[in-house]
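Taking my numbering, the leading residue of the sequence shown gets 24, the next gets one more, and so forth.
Glycine included, each C-beta is placed from N, C-alpha and C at the ideal position.
Remember, it's a predicted structure, so these values are computed and weren't measured experimentally.
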Amino acid sequence: MSSSKILFFLCVSFVLGIFLESLIKIPQVFIWGFLFLAILVILFTVIPGGVPFGSRNPEHKHKSWILAFARMTGGIMGFCILFFILGVLRMQISEFNIANDKLAKLNGKGGVVLTGVISDAPDVRETSQKLTVKIGESKVLVTTKNDAEYSYLDKVEITGKPQEPAVFDGFNYKNYLLKDGIYSVMSFPKVEIVSRAHKYNLFTYIYGEVLFLKQKLEQSVNDNFLPPHSLILDGIIFGNNKNMTTDLRDRLDNAGLRFLTAISGVHVIIISEILFYFLMFLRIGRRNAQVSSIFLIWFYVVLTGLTTSGIRAGIMGGIFILAGVLGRQNTSSRTIVLAASLMLLQNPLLLIYDIGFQLSFMACLGIIYLKPLLKYFVKSNIVSVTFAAQIITLPIMIYNFGAISLVAPITSILILPAMELILSFGFLFSIFASVSKFLGLILFVPTWLLAEYFISIMNFFSQPWMAKTIANVSWIWILFAYTIIFSFIYFLNKKYSRNFI
24 MSSSKILFFL
34 CVSFVLGIFL
44 ESLIKIPQVF
54 IWGFLFLAIL
64 VILFTVIPGG
74 VPFGSRNPEH
84 KHKSWILAFA
94 RMTGGIMGFC
104 ILFFILGVLR
114 MQISEFNIAN
124 DKLAKLNGKG
134 GVVLTGVISD
144 APDVRETSQK
154 LTVKIGESKV
164 LVTTKNDAEY
174 SYLDKVEITG
184 KPQEPAVFDG
194 FNYKNYLLKD
204 GIYSVMSFPK
214 VEIVSRAHKY
224 NLFTYIYGEV
234 LFLKQKLEQS
244 VNDNFLPPHS
254 LILDGIIFGN
264 NKNMTTDLRD
274 RLDNAGLRFL
284 TAISGVHVII
294 ISEILFYFLM
304 FLRIGRRNAQ
314 VSSIFLIWFY
324 VVLTGLTTSG
334 IRAGIMGGIF
344 ILAGVLGRQN
354 TSSRTIVLAA
364 SLMLLQNPLL
374 LIYDIGFQLS
384 FMACLGIIYL
394 KPLLKYFVKS
404 NIVSVTFAAQ
414 IITLPIMIYN
424 FGAISLVAPI
434 TSILILPAME
444 LILSFGFLFS
454 IFASVSKFLG
464 LILFVPTWLL
474 AEYFISIMNF
484 FSQPWMAKTI
494 ANVSWIWILF
504 AYTIIFSFIY
514 FLNKKYSRNF
524 I
């Protein structure tokens, strides 16, 4: 067995440990039992014994091969059990940190005065804004009025009552914030700026400059376009859909186009495919186009503000392209599983609570295994990539959002060929308009027409009957759905002489 395949099984065992601990909370006695079992299995592989060394007896040679195979298999199983235990322990450590967070212990205990630093760009909405404030090692999400201007790294004093994030009907806001290390929220407390004398290190300086650039580019779009054009362009180009109205979100959902207005693995991979084939059109060579796409993807992630979801999507998208450079399906899948394991090692809560992480991971697998099959029926690379990502992520979308668009295949075919132009003209417009109104005017008309085309398709295919609501979906259904999907892909790959893993 190759070393890459062994590493693949170890990573899967680690992820499985995190997954099971998230669902059933494995008792310590079972962990010690698994650890003892793993040690016994590994000892079996290293303790000498069996046939005499150097024996020429054919029967002895046959037994030695059997024993060698048994020891190798046992060794792999033993280390898989160890990595499974590591996954369980990593999740338990994260749960312990949440339960013992100093700020979280103040939730619901009354008014307090806290002093901290704004650790991310303020999320400004129509009537309010949200500030992520780091207080020591803890974070609190503060909702306040938008009548005051705050900046990244401002030091603020907050007077109010920290609360545990609420769990709404159909949306667990608490779990949504858990993945970002936020265990407390404060609604409209008294917020005073203590100091704007920002203390920079290399990372915070670069991040601050990136946020300033992103704000300037977004502002150039919002100053020159009216809603819904400005909201659509802001979502497609920068992945910012927070300012979208509920009606606009519903229309995007009904038309099956919501995934194009958020930074996720699906979004980044589509952009990477657009960049790749654009660079191939420039005739710079396949390998150069793939490597250049990785750098351009990360340049895009930086310009969108280095958001946590963007970084994770960039990692998945970059590794997806890098695996393509290596040139084999099995290498690609193992590389992506390794990347996912490393991200879960840093933050195991992503596996259960971060939908973006789930979509990014599954989209990569879908494109690796399903896209080649779809290419037999759909010759367009962009369309086959998107269909592969949509099909493989469909169970996750249904489970989390309880809805499915019946017209998504049609709208994808109509919109995707124009996505390259929308992204290209929109991005160039944001740069030109931020420098000069005259330069922005040059690209205003084609950018507006492309946004109008997107909106027209969305409006035409956003009737309520074009979407189906599916309530109370069990996670068991997801396992069943993916068993069917991957079994079908495995069968087709076998038929076309492709290896699944």
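| query | Thinking C-beta only, is Gly183 closer than 9 Å to Lys157? | reply | no
| field | Limits of the unbroken beta strand (DSSP E) element including Gln486 | value | From DSSP, Gln486 is part of no beta strand (DSSP E); its letter is neither H nor E.
| request: Determine contact between the region 398-414 and the region 434-447, defined as no fewer than three beta-carbon pairs at a distance below 8 Å. | output: yes
| In this structure, what does DSSP give as the bridge partners for Val135? | Gly183
| Taking all protein chains shown into account, do 16 or more other C-beta atoms lie within 10 angstroms of the C-beta of Lys394, making it buried, or fewer, making it exposed? | buried
| task | Using three-state DSSP, classify Leu154 as helix, strand or coil. | result | Assigned with DSSP and collapsed to three states, Leu154 falls in strand.
| message | Can you tell me whether Ser243 is buried or exposed? The criterion is at least 16 other CB atoms within 10 Å of its CB, across all chains shown. | response | buried
| query | Is Gly279 buried or exposed, if buried means 16 or more other CB atoms sit within 10 Å of its CB? | reply | Result: buried.
| query | How many Å lie between Gly425 and Phe301 at the Cα? | reply | 36 Å
| task | Return the bridge partner residues of Glu215 from the DSSP annotation. | result | Glu180
| task | Just confirm the distance between the C-beta atoms of Asn247 and Phe467, as a whole number of angstroms; I'd bet it's less than 8 Å. | result | 6 Å
| task | Name the two residues that bound the continuous alpha helix (DSSP H) containing Ile493. | result | Looking at the DSSP string, Ile493 is not in any alpha helix (DSSP H), and its letter there is neither H nor E.
| request: To the nearest angstrom, report how far apart Ser174 and Arg309 are at their CA atoms. | output: 43 Å
| Member of Val325, Arg148, Val291 whose CA lies at the smallest distance from the CA of Ile259 | Val291
| request: Compute the Euclidean distance between the alpha carbons of Val64 and Lys237, then round it to the nearest angstrom. | output: 54 Å
| query | Leaving out the 5 sequence neighbours to the left and right, which residues in its chain are closer than 8 Å to Glu241 when beta-carbon positions are compared? | reply | Once the five neighbours on either side are set aside, the close Cβ partners of Glu241 are Asp257, Phe261, Asn263, Ser453.
| query | Looking at the structure shown, is Lys84 part of a helix, part of a strand, or coil, going by DSSP? | reply | Confidence in Lys84 is poor, its pLDDT being 47 and thus under 50, which makes the residue's placement unreliable; the coordinate value appears in the next sentence. Three-state result, Lys84: helix.
| message | Quick check: what's the CA-CA separation for Ala362 versus Gln369? | response | Note on geometry: alpha-carbon atoms of Ala362 and Gln369 lie some 11 Å from one another.
| Beta-carbon gap between Val22 and Glu187 smaller than 9 Å | Absent from the structure is residue 22, since the part of the chain shown begins at 24 and ends at 524.
| By how many angstroms is the C-alpha of Leu444 removed from the C-alpha of Val325? | 21 Å
| request: Tell me where the alpha helix (DSSP H) around Lys162 begins and ends. | output: Run containing Lys162: none in the alpha helix (DSSP H); it sits in the beta strand (DSSP E), 161-168.
| Which one or two residues does DSSP pair with Asn195 in a beta bridge? | Val190
| For Leu373, is the classification buried or exposed, using 16 other Cβ atoms within 10 angstroms of its Cβ as the cut-off for buried? | buried
| Distance, Cα to Cα, Asp203 vs Lys518? | 43 Å
| Beta-bridge pairing of Met209 - partner residues as DSSP gives them | Answer is Val165.
| query | Going by DSSP, what residues sit across from Ala431 in a beta bridge? | reply | None, per the DSSP bridge assignment.
| query | Would Ala431 be called buried (16 or more neighbouring beta carbons within 10 Å of its own) or exposed? | reply | buried
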